[in-house]
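Inspection log for the structure reproduced underneath, given as structure tokens.
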Ligand SMILES: Cc1ncc(COP(=O)(O)O)c(C=O)c1O
């Protein structure tokens, strides 16, 4: 076991007291596997945290990292540019839905969300519609942990302690998960389209002239892979267009191939006005995120009347468009295309679907959902102790050969695109064993 002193480090989104009594340490990672400090291999069931689609230590990424650190490790983000960062913006514009081709870089998913909200506000303000200040999020959404993100987010534990500083005027659409209507759906449920009409109710309540944007994850990831009902995203698009409201897709998880397409927007055939991204863009190797804007949104801000030496948007970070991160972003986007890995994710989708739905009928399994290379299984809670059952599943997985991700009493999976069909089947066998064991604890 590790000799590391565990006292000083405060782990995020982790029960620290428990962790420090039961530490789980990994020492290296290669391909789809981690190595633990006691010499075991763990299959990476969630591609890191949805962010390592190529698997770990991909040779193109390693090479790009070494080359870039020798060439240009850092250059100021404001007032000067570097070739690598412009190239990645161009590559992202090439693979984004038609019409979205202006890219603002940040360092994380949380920053990408706050940036998108600021762009939406600024867009309306320069068009003379500064009264549009409201943001509409959705129940059970995760948009990171900035004050913007938790305000439009819909996870009560992340919100309740910080409510006093949240954005004013935010409202929420209902989430779309209804087990009575859609339990064990494979892919998109065919019930629930009407839930998008709730946006009309919010427009009637607040008036469109006060609403800046609607933000949704095309597939809600962090609260357990909630797949949008058929037609739902199309309906949201129609209502936003009708009322001049910007539609933001938070593609921090779904961007860069997770649904077998470059972005969820293309998979669903729905084009938003802004896309937020992070995670997969650098294969998780270095933090990077961003916002892809519809050209007209960018042009509107550029056409504002301020003198030319004044920035059009008072926003940005020391590490926006960091040359190391964008070099690795280029290597990642190249590897996804050249090695056919986005296509491979599409091919693995039915394998994952068949495997995960084989858990139907297992004692304690309440629902199973899947879309693209994303899947989730809900397990029966232990009375009075929500989250403990799935936590036990996680412990059993870790003690054997699988690093699962749990949220509440849900186990979420999003394996690397380099996985083999056999590995996906073994992952589900591992989950079956861990679920059974969790009911014997
Ligand atoms: C949809 C979505 N948005 C935003 C975030 C926040 O990203 P980060 O943790 O990089 O700030 C996440 C993280 O999981 C996410 O899934």
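Residue numbers (my numbering): 3 to 443. Yeah, the Cβ is synthetic: ideal placement off N, Cα and C, and Gly gets one too.
Bridge partner(s) assigned by DSSP for residue i
i, result
"residue 30", "37"
"residue 372", "377"
"residue 405", "46"
"residue 335", "According to DSSP, residue 335 bridges with nothing at all."
"residue 222", "228"
"residue 415", "377"
"residue 467", "A query on residue 467 cannot be resolved here, the shown segment of the chain reaching from 3 to 443 and no further."
"residue 215", "137 and 248"
"residue 104", "295"
"residue 58", "33"
"residue 384", "387"
"residue 175", "140"
"residue 367", "381"
Residue closest to residue i, alpha-carbon to alpha-carbon, out of the options
i, options, result
"residue 315", "49, 127, 14 and 77", "127"
"residue 443", "182, 11 and 393", "393"
"residue 422", "363, 124 and 47", "47"
"residue 67", "365, 441 and 330", "330"
"residue 43", "400, 232 and 105", "400"
"residue 367", "352, 373, 384 and 376", "384"
"residue 108", "391, 254, 441 and 377", "254"
"residue 235", "245, 32, 339 and 221", "221"
"residue 332", "405, 97, 213 and 395", "97"
"residue 101", "267, 396 and 347", "267"
"residue 7", "335, 16 and 21", "21"
"residue 285", "38, 18, 54 and 29", "54"
"residue 129", "61, 300, 409 and 178", "300"
"residue 187", "408, 425, 373 and 418", "373"
"residue 199", "177, 14, 214 and 189", "177"
"residue 185", "227, 336, 167 and 298", "227"
"residue 414", "371, 420 and 436", "371"
"residue 263", "93, 115, 375 and 83", "375"
"residue 388", "41, 410 and 363", "410"
"residue 26", "33, 40, 14 and 35", "40"
"residue 420", "71, 58, 9 and 352", "58"
"residue 171", "161, 146, 147 and 135", "135"
"residue 295", "233, 103 and 152", "103"
"residue 390", "85, 313 and 412", "412"
"residue 217", "173, 88, 386 and 202", "173"
"residue 30", "24, 233 and 38", "38"
"residue 73", "270, 80, 63 and 84", "84"
"residue 261", "418, 386 and 64", "418"
"residue 280", "92, 114, 86 and 270", "114"
"residue 303", "92, 89, 122 and 17", "122"
"residue 81", "91, 207 and 313", "313"
"residue 406", "197, 435 and 165", "435"
Distance between beta carbons of residue j and residue i, contact taken as under 8 Å
i, j, result
"residue 191", "residue 231", "5 Å"
"residue 117", "residue 317", "6 Å"
"residue 138", "residue 175", "6 Å"
"residue 290", "residue 348", "Not a contact, Cβ separation roughly 24 Å."
"residue 239", "residue 283", "Not confirmed; about 24 Å, so no contact."
"residue 338", "residue 259", "5 Å"
"residue 212", "residue 133", "6 Å"
"residue 437", "residue 395", "6 Å"
"residue 148", "residue 124", "The Cβ separation is near 17 Å, so there is no contact."
"residue 426", "residue 350", "6 Å"
"residue 56", "residue 63", "7 Å"
task: Check whether the segment 263 to 282 touches the segment 237 to 253, counting contact only when three or more Cβ pairs, one atom from each stretch, lie closer than 8 Å.
output: yes
- prompt: In chain order, which continuous runs of the alpha helix (DSSP H) of length 4 or greater are located wholly inside the segment 107 to 138?
  reply: DSSP runs (the alpha helix (DSSP H)) wholly in the segment 107 to 138: 111 to 128.
message: Tell me whether the segment 422 to 430 and the segment 347 to 363 touch, counting them as touching only if at least three CB pairs, one residue from each stretch, are closer than 8 Å.
response: yes
query: Which whole runs of the beta strand (DSSP E) in the segment 280 to 317 are 3 residues long or more, in chain order?
result: Taken in chain order, the complete beta strand (DSSP E) segments of 3 or more residues contained in the segment 280 to 317 are 291 to 296.
message: With three or more C-beta pairs closer than 8 Å as the rule, is the segment 141 to 150 touching the segment 212 to 231?
response: yes
Contact between the segment 335 to 343 and the segment 375 to 382 (3+ Cβ pairs under 8 Å): no
task: Pair every Cβ in the segment 48 to 57 with every Cβ in the segment 302 to 311, then say whether three or more of these pairs are closer than 8 Å.
output: no
query: Would you say the segment 318 to 338 touches the segment 101 to 116, given that touching needs at least three Cβ pairs under 8 Å?
result: A contact exists between the segment 318 to 338 and the segment 101 to 116.
query: Which parts of the segment 60 to 92 are runs of the beta strand (DSSP E), unbroken and 3 residues or longer, counting only runs that do not cross its ends?
result: none
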